[in-house]
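2 protein chains.
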Amino acid sequence: MYSVAEENYLKSLFNLANEDDLIHLKHIGEWLDVKMSSVTNMMKRFADKGLVHYENYKPVRLTDRGKREAALIVRKHRLTEMYLVEKMGFGWEKVHTIAEQIEHIHAPDLFDKMDEILGFPTVDPHGSPIPDKDGNIMEVQHKSLSECEIGEKATLMAVRQSSSDFLNYLNVRKLYLGQTVEVKEIEPFDGSMKIIYGTDQTEILSKKVCDMLLVR
Amino acid sequence: MYSVAEENYLKSLFNLANEDDLIHLKHIGEWLDVKMSSVTNMMKRFADKGLVHYENYKPVRLTDRGKREAALIVRKHRLTEMYLVEKMGFGWEKVHTIAEQIEHIHAPDLFDKMDEILGFPTVDPHGSPIPDKDGNIMEVQHKSLSECEIGEKATLMAVRQSSSDFLNYLNVRKLYLGQTVEVKEIEPFDGSMKIIYGTDQTEILSKKVCDMLLVR
DNA sequence: ATATTTTTTTAGCCTAGACTAAAAATAAGT
DNA sequence: ACTTATTTTTAGTCTAGGCTAAAAAAATAT
């Protein structure tokens with residue numbers, strides 16, 4: 005059984021792992037908003053518990069067990085988000101902060117019940133995959149909108165960020181998951197895109213926004 | 005904002021207050037399963053925060069503010085229990101332990117939504133009143149079954165204990181809230197009662213059980 | 001009224017998990 | 001290659017909230 009602090013570290017490791025699975029301690033500190041020395045301490049404890057591979061002055065890597073444990077917390081988070089949206093009527097921009105708390109509850113029954121009531125969903129309201137009960141993640145290969153070319157049609161599948169600011173930005177522009185958009189123009193200078201979708205709606209999206217939108 | 009530990013102390017004070025509102029520190033320690041010295045410490049902190057009236061070597065008493073804060077945590081607990089039973093299909097014997105965790109979540113939206121979805125219930129699945137948003141408790145005057153006389157008919161309104169053992173005991177005997185029972189015999193020696201209810205079902209209930217059953 | 005038991009307080013210790021400040025190792029720039 | 005900047009580690013503090021053991025007060029029994 006892990007403490008809330010430990011679970012948050014696990015989650016940060018899950019979210020920060022790059023292609024080669026390496027995680028720089030600096031980034032953990034930034035993500036969790038704690039100082040580096042705290043991170044070092046916790047990573048040593050994690051190494052003792054067999055959750056990470058750790059060598060002095062090197063970036064850290066989750067062990068298989070660490071990956072599984074991390075995925076199980078993410079599972080609780082994403083199931084909760086889905087439940088809050090689908091069964092309680094919350095907007096997708098509200099659920100992240102509530103789920104951040106509920107994810108730390110130790111009650112397998114509760115999450116199994118959510119899963120069942122929701123009909124065993126595979127993605128959460130932000131399009132992120134929900135790990136299964138063994139911690140396995142269905143890998144999906146989305147590209148970001150900013151990789152699309154002029155004339156290309158793309159369907160919004162997920163967002164890279166779940167901050168309420170960003171989701172509100174999408175809400176006011178009616179950019180919901182499932183929406184298909186067509187790239188009309190790309191500004192070469194700053195990478196911003198003009199898109200058209202729905203009933204003649206057009207928007208200019210900055211590069212930053214396009215990076216955050218995952219499409220198929 | 006209170007810590008989990010503080011919230012648990014508040015809840016224990018709420019549950020242990022007797023007629024004259026006095027609470028012996030000993031009982032707090034037993035209820036929370038912590039040592040007396042820890043209780044003394046916390047009560048001093050509570051006194052500083054204006055949550056209790058405290059004098060050395062005397063039993064403690066919640067201030068008005070303390071009562072309100074305590075009731076608001078109990079509100080979260082009882083709304084959660086009701087939600088788990090009514091909307092997620094849990095048995096009343098399962099929900100206490102889950103609600104003990106969810107009650108510590110800081111998300112007014114979540115509990116307001118539960119309240120709304122449930123249609124603003126006034127009692128939880130165990131018949132205990134749910135405090136309102138200002139911390140006011142609807143006082144109900146139930147007597148316990150053991151105070152009834154032979155021939156008296158009484159309707160089960162609430163239970164004094166929510167332990168799963170006790171609730172399972174009631175489940176197997178189909179003694180649910182709302183059931184009306186008639187007292188057939190009272191054993192003068194040990195206070196046990198023979199009751200009849202439903203379609204000719206009879207049971208012998210010990211004094212201890214009768215004390216725990218609240219009726220009208 | 002005194003002795004005994006129970007309850008409460010005090011004093012000091014421990015752990016988790018943060019912090020700061022300084023030292024050491026690595027990475028980057030010229 | 002050497003200097004500078006960045007990242008990581010070490011060492012030592014702090015707070016919340018437990019703990020034990022001993023001392024003090026209150027309650028109970030003789």
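If you read the protein sequences in the order shown, they are chains R and L.
Using this note's numbering, the first residue of the first sequence is number 5, and each one after it goes up by one.
Using this note's numbering, the first residue of the second sequence is number 5, and each one after it goes up by one.
For every residue, glycine included, the Cβ atom is placed at its ideal position computed from N, Cα and C.
On a predicted model such as this, the values are computed, not experimentally measured, just so you know.
C-alpha gap between R/Lys212 and L/Leu122, whole angstroms: One alpha carbon belongs to R/Lys212, the other to L/Leu122, and they sit about 42 Å apart.
Chain R contact for L/Ile27 (CB, 9 Å cutoff): So no, L/Ile27 is outside the interface.
Under 9 Å between C-beta atoms of L/Leu66 and L/Ala21: The Cβ atoms of L/Leu66 and L/Ala21 sit closer than 9 Å to each other.
Where R/Thr184 falls, given that 16 or more other Cβ within 10 Å makes a residue buried: It counts as exposed.
Best match in R/Val64, R/Gly70, R/Glu34 for proximity to R/Asn140 [C-alpha to C-alpha]: Taking only the C-alpha atoms, the option nearest R/Asn140 is R/Gly70.
Residues from the region 106–118 of chain L in contact with chain R, defined by Cβ distance under 9 Å: Listed by position, the residues of the region 106–118 of chain L near chain R (Cβ gap below 9 Å) are Ile106, His108, Ile109, His110, Ala111, Asp113, Leu114, Lys117, Met118.
Cutoff 9 Å: R/Phe124 Cβ touching any chain L Cβ: Output row for R/Phe124: interface = no.
Whether R/Trp35 touches R/Ser7 by CB criterion (9 Å): No. Outside cutoff.
Span of the beta strand (DSSP E), counted from its first residue to its last, around L/Ile200: Counting along the chain, the beta strand (DSSP E) containing L/Ile200 begins and ends at 197–201.
Unbroken beta strand (DSSP E) run spanning L/Ala4, endpoints: Nothing can be reported for residue 4 of chain L, as the shown portion of chain L is limited to 5 through 220.
Residues near R/Glu186 in its chain [Cβ-Cβ closer than 6 Å; skip 5 each side]: Take R/Glu186, set aside five residues on each side of it, and the residues of its chain with a beta-carbon closer than 6 Å to its own are Lys157, Ile200, in chain order.
CA-to-CA distance, R/Glu107 to R/Val78, given in whole angstroms: Whole-angstrom Cα-Cα distance: 8 Å.
Separation of R/Asp52 from R/Glu59, as counted between CA atoms: The alpha-carbon atoms of R/Glu59 and R/Asp52 are separated by roughly 12 Å.
Cβ contact (3+ pairs, closer than 8 Å) linking the region 166–174 of chain L and the region 96–105 of chain L: These segments touch.
Spatially closest choice to L/Gly131 from L/Leu160, L/Asn175, L/Ser150, by CA coordinates: Closest option to L/Gly131, Cα to Cα, is L/Leu160.
CB contact below 9 Å: L/Met92 versus chain R: Between L/Met92 and chain R, the shortest Cβ-Cβ separation is below 9 Å.
R/Glu207 versus R/Tyr61 - alpha carbon distance: C-alpha separation (whole angstroms): 46 Å.
Within 9 Å of chain R by C-beta, residues of the region 70–98 of chain L in sequence order: Answer in chain order: Leu88, Lys91, Met92, Gly93, Phe94, Lys98.
Close-in-space but distant-in-sequence residues of the same chain around R/His146 (CB under 7 Å, 5 per side omitted): Taken in chain order, the residues that qualify are Met161, Ala162, Leu218, Val219, Arg220.
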